[in-house]
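Report on the following structure.
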Amino acid sequence: MESPSWAPVEVDVDRPSAARVYDYYLGGSHNFAVDREMARLAVGLWPDLPQIMQANRAFLRRAVRYLASQGITQFLDIGSGIPTVGNVHEVAQAAAPDARVVYVDIDPVAVAHSRAILVGDDRTDVVHADLRDVESVLGDSRTARLLDLSRPVGVLMVALLHFVPAEANPAGLLARYRAAMAPGSYLVVSHATHEGQPDEAGEHTALYQRTGTPMTMRSRAEVDGLFDGFDLVAPGVVFLPSWRPEPGALPDAHPERYSGFAAVGRRR
Ligand SMILES: C[S@@+](CC[C@H](N)C(=O)[O-])C[C@H]1O[C@@H](n2cnc3c(N)ncnc32)[C@H](O)[C@@H]1O
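Quick note on our numbering: the sequence shown kicks off at 2 and runs consecutively.
Below you can see the structure in the form of structure tokens.
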């Protein structure tokens, strides 16, 4: 397939990418035929998927507002994805106009599109790096320019860590990020799980073997274990819609239908 003009040259247009498939679920336009085909297959198997992705984005927005309410004005959003409605810098800057945001993603389309929309915003930048290469993320000159890691920072890993297999030692990676975070910093995580809808989650995991970033679902206890060295903010590790719903929102009768856990921890 021919590559469209907005796609960076190194993009593989014949293999679905998690970032572009997610963009399609959310109604974006930075995806290719191969991504749409996989997304349609996935939704055919699991019709709740678009709603699950929307619930994930809604959690991200609530968590950023919560962090801003706690005085956080600098954010490191790792696995930030292709920009869509309600991006972290928009939500953060609405709450705190001087908020600074560094986006990080492994996907070249996510990075190129983020750079394009951020032209002229000198409080926001984008790093093309792999979460697992901690030095490339934290040592990048853009990170150093915008974030003062001697002060509390909000580190976001939203719908990201299920792309990190056990062999890559997610707990070890998190320990390295934690070591760079000042006390009073926050870690925001959402994570896909097989708890809730195990059959659909199993089929979904199998489909993602087609991408460059296969998935590993984790249990509530495993997600809880990612917060070593952090105090979990109430209500702890819960299904996506149950994490501090908007005031006045009706409680979801079946939050387990969303098959993703959400949690926020404060660095001790
Ligand atoms: C499902 S999207 C989530 C986007 C955004 N955080 C959100 O929740 O709306 C996951 C993102 O993680 C990125 N990703 C996957 N593995 C990564 C890695 N090892 N390092 C950095 N980014 C990664 C993908 O490219 C994709 O953009």
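Glycine included, each C-beta is placed from N, C-alpha and C at the ideal position.
(request) Give the single residue among Trp244, Arg41, Leu251 whose Cα lies nearest to the Cα of Tyr209. (result) Here the closest residue by C-alpha is Arg41.
(request) Return the first residue and the last residue of the alpha helix (DSSP H) that Gln55 is part of. (result) Residues 50-70.
(message) Please report the distance separating the alpha-carbon of Ser30 from that of Val110.
(response) Their backbone Cα atoms lie some 11 Å apart in a straight line.
(request) Mind the definition here: the stretch 174-184 touches the stretch 233-251 only if three or more C-beta pairs lie below 8 Å; say whether that holds. (result) Three or more beta-carbon pairs separated by less than 8 Å are not found between the stretch 174-184 and the stretch 233-251, which leaves the two stretches without contact.
(request) Measure the alpha-carbon distance for Ala222 versus Trp47 and round it to whole angstroms. (result) Spanning the two alpha carbons is a distance of roughly 24 Å.
(request) Examine ligand 1 and report whether any of its heavy atoms sits within less than 7 Å of the Cβ of Ser81. (result) Distances between the C-beta of Ser81 and the heavy atoms of ligand 1 include at least one below 7 Å.
(request) Please state if the CB of Tyr187 and the CB of Ile73 are separated by a distance shorter than 8 Å. (result) Yes. Within cutoff.
(message) Quick check on DSSP: helix, strand or coil for Arg37?
(response) Three-state DSSP puts Arg37 in a helix.
(request) Between the Cα of Arg124 and those of Leu161, Ser137, Leu150, Phe76, spot the shortest distance and give me the residue it belongs to. (result) Measuring C-alpha to C-alpha distances from Arg124 to each of Leu161, Ser137, Leu150, Phe76 identifies Phe76 as the nearest.
(message) With a threshold of 7 Å (Cβ to nearest heavy atom), would Ala167 be considered close to ligand 1?
(response) Not under cutoff, so the answer is no.
(request) Measure the alpha-carbon distance for Ala202 versus Val105 and round it to whole angstroms. (result) If you take the alpha carbons of Ala202 and Val105, they lie about 26 Å apart.
(message) Can you look up Gly281 in the DSSP assignment and give me helix, strand or coil?
(response) What the structure shows of the chain is the stretch from 2 to 269, and residue 281 is not part of that stretch, so it cannot be assessed.
(message) If contact is defined by three or more beta carbon pairs under 8 Å, each pair taking one atom from either stretch, is the stretch 54-67 in contact with the stretch 127-141?
(response) Taking 8 Å as the limit for Cβ pairs, the verdict is that the stretch 54-67 does not touch the stretch 127-141.
(message) Cutting at 6 Å between CB atoms, please list the residues of its own chain near Val86, excluding the five before and the five after it.
(response) Cβ neighbours of Val86 beyond the five flanking positions: none.
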